[in-house]
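Asker: Would you mind keeping the following structure in view while I ask a few things?
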Amino acid sequence: MNLEKNLQKLYTKLKNDLSGDISTSIPALALQDPDLFAISAATVDGQIINIGDTSEELTIQSISKAFTYGLALEQNGNDFIEAKVGMEPTGEDFDSVIKLDDQNRPFNPMVNSGAIVVTGMINALKEKSREEEIIKYLSAFAGRELTIDNQTYESEKKNGHKNWAIAHLLRHFKILSKDFSEDLDLYFRQCSLKLNCTDLALMGATLANKGINPKTKEKCIERNNLRNVLSVLFTCGMYNYSGEWVFDIGLPAKSGISGGVLMVIPGLMSIAVYSPRLDKRGNSVRGIKVCEEISEIYKLHMLDYAGPSNVSEIL
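Once you know that position 29 of the sequence shown is 38 in the working numbering, the rest is easy, because the numbers rise by one and skip nothing.
Dropping the structure here:
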């Protein structure tokens with residue numbers, strides 16, 4: 010049941026799988042090496058397994074939505090957020106312009122419309138600015154200080170036409186305030202945070218470890234808010250592949266169009282994959298395959314009671 014050996018086998022098996030296309034919706038992302046491939050695992054007791062290009066940096070993109078949602082919950086509480094953003098999967102593309110539920114809310118915090126609204130709820134409570142608040146919060150999960158990739162940020166700001174359209178419509182429906190351009194700018198900045206695959210795995214392991222960073226021992230999120238984050242990741246985290254993901258793999262997860270995939274196994278570990286070639290839904294092709302096979306090997310589906318009960322059973 011050696012996890013490192015199984016991950017190495019998957020890396021070797023999938024390394025020459027060049028299916029899928031790199032994202033060109035943000036010109037800066039098109040500059041990535043499409044053949045980069047990294048797998049990192051981080052356990053709740055702080056053990057790290059790295060395979061492949063794990064030191065290469067990527068921008069966090071939509072995976073940031075999970076953590077910013079956690080920060081919004083910490084600052085505002087669930088009732089305040091749920092009054093403005095729903096919790097239902099959409100079945101639509103993540104950047105659809107624009108679909109609201111029967112209460113005139115974005116469907117959930119993991120689609121762009123809902124994520125922009127959630128980012129707009131962030132306040133500068135402990136730091137000098139809202140940007141610093143978000144960076145410090147996400148950095149606590151990673152266990153080191155993260156920074157913004159300015160090239161990606163500028164590229165997103167200049168070319169994110171669909172997100173600008175979403176923001177204008179959210180303002181039209183009075184879901185965002187008159188300062189909506191500042192909220193959207195902050196959203197572009199959070200998506201442009203750069204990190205490597207190891208950082209991403211540690212962020213996931215913090216979610217898996219009751220909200221406590223396994224390396225620094227810092228408590229990053231309250232238990233009730235953590236449950237809400239994991240619940241939304243379980244049902245809505247993988248774009249309009251979320252239903253199939255739950256059926257086949259059955260774990261909370263989030264993907265981003267830079268090629269990152271983060272899968273959380275509560276109480277055990279997280280798996281992070283970086284591979285920029287995407288399928289038609291915007292998910293990393295090799296990332297999906299790694300998670301599928303690891304879930305099957307170890308019976309990790311949350312409804313499969315044959316799975317491991319502690320870290321020693323997978324290492």
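Here a beta-carbon is modelled for each residue, glycine too, at the ideal position from N, C-alpha and C.
For A51, name the three-state secondary structure that DSSP assigns.
Answerer: Along the sequence shown, read from residue 1 onward, the residue named residue 51 stands at position 42. In the structure shown, A51 sits in a strand (DSSP, three-state: E or B).
Asker: Looking only at C-alpha atoms, which of N25, G55, F46 sits nearest to N218?
Answerer: Along the sequence shown, read from residue 1 onward, the residue named residue 218 stands at position 209. The candidate whose alpha carbon is nearest that of N218 is G55.
Asker: Taking S28 as the reference, give the member of C245, L287, L260 with the closest Cα.
Answerer: Residue numbering aside, residue 28 sits at position 19 when the sequence shown is read from its first letter. That would be L287, whose Cα lies nearest to the Cα of S28.
Asker: Report the CB separation of L193 from A214 in whole angstroms; it is logged as a contact under 8 Å.
Answerer: Your numbering for residue 193 matches position 184 in the sequence shown. Your numbering for residue 214 matches position 205 in the sequence shown. Contact flag wrong, Cβ pair sits at about 31 Å.
Asker: Under a three-way DSSP split, which group does V282 fall into?
Answerer: Start at 1 with the first residue of the sequence shown, and residue 282 comes out as number 273. Of the three classes helix, strand and coil, the one that applies to V282 here is strand, per DSSP.
Asker: What are the complete beta strand (DSSP E) segments, minimum 3 residues, inside the segment 204-289?
Answerer: List check, beta strand (DSSP E) in window: 262-264, 269-274, 278-283.
Asker: For S164, name the three-state secondary structure that DSSP assigns.
Answerer: Translated into positions along the sequence shown, residue 164 becomes position 155. Correct three-state label for S164: helix.
Asker: What separation, rounded to the nearest whole angstrom, lies between the Cα atoms of L80 and I125?
Answerer: Looking up residue 80 in the sequence shown gives position 71. Looking up residue 125 in the sequence shown gives position 116. Looking at the two C-alpha atoms, the distance is approximately 13 Å.
Asker: Between Q325 and I266, is the Cβ-Cβ spacing less than 8 Å?
Answerer: This structure cannot settle anything about residue 325, because the visible part of the chain is limited to 10 through 324.
Asker: For K263, which residues in the same chain have their Cβ closer than 6 Å to its Cβ, ignoring the five residues on either side in sequence?
Answerer: In the sequence shown, residue 263 corresponds to position 254, counting from 1. These residues qualify, in order along the chain: I72, A75, L242, G246, L271.
Asker: Could you check whether the segment 113-122 touches the segment 160-180, counting it as contact only if at least three pairs of C-beta atoms, one from each stretch, sit closer than 8 Å?
Answerer: Segments in contact, yes.
Asker: Short of 6 Å in beta carbon distance, which residues of its chain neighbour L38, apart from the five on each side in sequence? Order them along the chain.
Answerer: Position 29 of the sequence shown, counting from 1, holds the residue named residue 38. Result list for L38: S32, S267, in chain order.
Asker: Do the segment 186-201 and the segment 143-157 make contact, defined as three or more Cβ pairs closer than 8 Å?
Answerer: The answer is yes - the segment 143-157 touches the segment 186-201, with three or more Cβ pairs under 8 Å.
Asker: N59 lies in the beta strand (DSSP E); which residues open and close that run?
Answerer: Taking the first residue of the sequence shown as position 1, residue 59 is located at position 50. Taken as a continuous stretch (DSSP letters only), the beta strand (DSSP E) holding N59 covers 57-61.
Asker: How long is the line joining the alpha carbons of L134 and Q17, rounded to whole angstroms?
Answerer: As a position in the sequence shown, residue 134 is number 125, starting the count at 1. As a position in the sequence shown, residue 17 is number 8, starting the count at 1. In a straight line, the C-alpha of L134 is about 43 Å away from that of Q17.
Asker: For E142, report the span of its alpha helix (DSSP H) as first-last.
Answerer: Numbered from 1 along the sequence shown, position 133 holds the residue referred to as residue 142. E142 -> alpha helix (DSSP H) spans 139-151.
Asker: I think R114 touches V127, with their Cβ atoms under 8 Å apart; what is that distance to the nearest whole Å?
Answerer: As a first step, residue 114 must be located in the sequence shown, where it is residue number 105. As a first step, residue 127 must be located in the sequence shown, where it is residue number 118. Not quite, the Cβ-Cβ distance comes to about 11 Å (not below 8 Å), so this is no contact.
Asker: CA-CA distance, F189 and N85?
Answerer: Mapped onto the sequence shown, residue 189 falls at position 180. Mapped onto the sequence shown, residue 85 falls at position 76. Spanning the two alpha carbons is a distance of roughly 19 Å.
Asker: Please report the straight-line C-alpha distance between L67 and N159, rounded to a whole angstrom.
Answerer: Counted from its first residue, the sequence shown places residue 67 at position 58. Counted from its first residue, the sequence shown places residue 159 at position 150. Their Cα atoms are separated by approximately 13 Å.
Asker: Quick one: which unbroken alpha helix (DSSP H) runs of 4-plus residues sit fully inside the segment 69-109? Chain order, please.
Answerer: Counting whole runs of 4 or more residues, the segment 69-109 contains the alpha helix (DSSP H) stretches 73-85, 87-91.
Asker: CA-CA distance, F182 and E97?
Answerer: Here residue 182 refers to the residue found at position 173 of the sequence shown. Here residue 97 refers to the residue found at position 88 of the sequence shown. Rounded to whole angstroms, F182 to E97 spans 19 Å at the Cα level.
Asker: Give a yes or no on contact between the segment 278-287 and the segment 232-242, applying the rule of three or more CB pairs nearer than 8 Å.
Answerer: These segments do not touch.
Asker: Locate the alpha helix (DSSP H) running through I306, then write down its first and last residues.
Answerer: Position 297 of the sequence shown, counted from the start, is the residue given in the question as residue 306. Its alpha helix (DSSP H) spans residues 294-307.
Asker: Tell me T156's beta-bridge partners as DSSP assigns them.
Answerer: Counting from 1 along the sequence shown, the entry for residue 156 is found at position 147. Beta-bridge pairing links T156 to K203.
Asker: Which residues in the same chain have their Cβ closer than 7 Å to the Cβ of L45, if we skip the five residues on either side of it in sequence?
Answerer: Working through the sequence shown from its first residue, we reach residue 45 at position 36. If we look at L45 and ignore the five residues flanking it on each side, its Cβ neighbours are D62, E65, Y283, S284, P285.
Asker: Quick one: what does DSSP say D30 is sitting in, helix, strand or coil?
Answerer: Residue 30 sits at position 21 when you count from the first residue of the sequence shown. Of the three classes helix, strand and coil, the one that applies to D30 here is strand, per DSSP.
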